[in-house]
Amino acid sequence: MELCAAIRQVMLGQCDDLGGGVYKKRLGRNLYRSIILAKGGRYWVYSYLFAKQDRANIEDDELVKLRALAGLYARKTDADIAKEVELKELVEICHDRES
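Structure representation (structure tokens):
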């Protein structure tokens, strides 16, 4: 799955680090962009996906909000994340998978 492979690349630093736990990763042969939030390198959350043709980048005010959201994820416990997955507020896509 391309999204899982992209996360592995982010973990290796093959992305744009926007600071504050926010990363930008190119997808789909550079046609799309993803904004990913990290929780201490344990949880990686796709927060926003967009086509490069639709917009060049995120705005500064959006980055501020995304950094705040990354901070919120940083404070979540494993139990919090598990509950959000159970309630389908988050969808787990790569846990314990090699693909």
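When you read off a place in the sequence shown, starting at 1, and then add 30, the result is the number in our numbering. All C-beta atoms in this analysis are idealised placements derived from N, C-alpha and C, irrespective of residue type, glycine included. Model, not experiment: these values are computed from the prediction.
As assigned by DSSP and simplified to three states, the class of Gly101: helix
Euclidean distance between Cα positions of Arg38 and Asn87: 22 Å
Simplified DSSP assignment, three categories, for Ile65: strand
Three-way DSSP call (helix, strand, coil) for Val52 in this model: strand
Own chain partners of Ala100 with C-beta closer than 7 Å, once the 5 adjacent residues on each side are dropped: Gly50, Gly51, Val52, Leu67, Ala68
8 Å CB neighbourhood of Leu57 in its chain, flanking five on each side removed: Glu32, Leu33, Ala36, Arg63, Ser64, Leu79
For Glu116 and Lys82, the rounded distance between their alpha carbons: 33 Å
Classification of Lys55 by the beta-carbon crowding that lies within 10 angstroms, buried from 16 upward: buried
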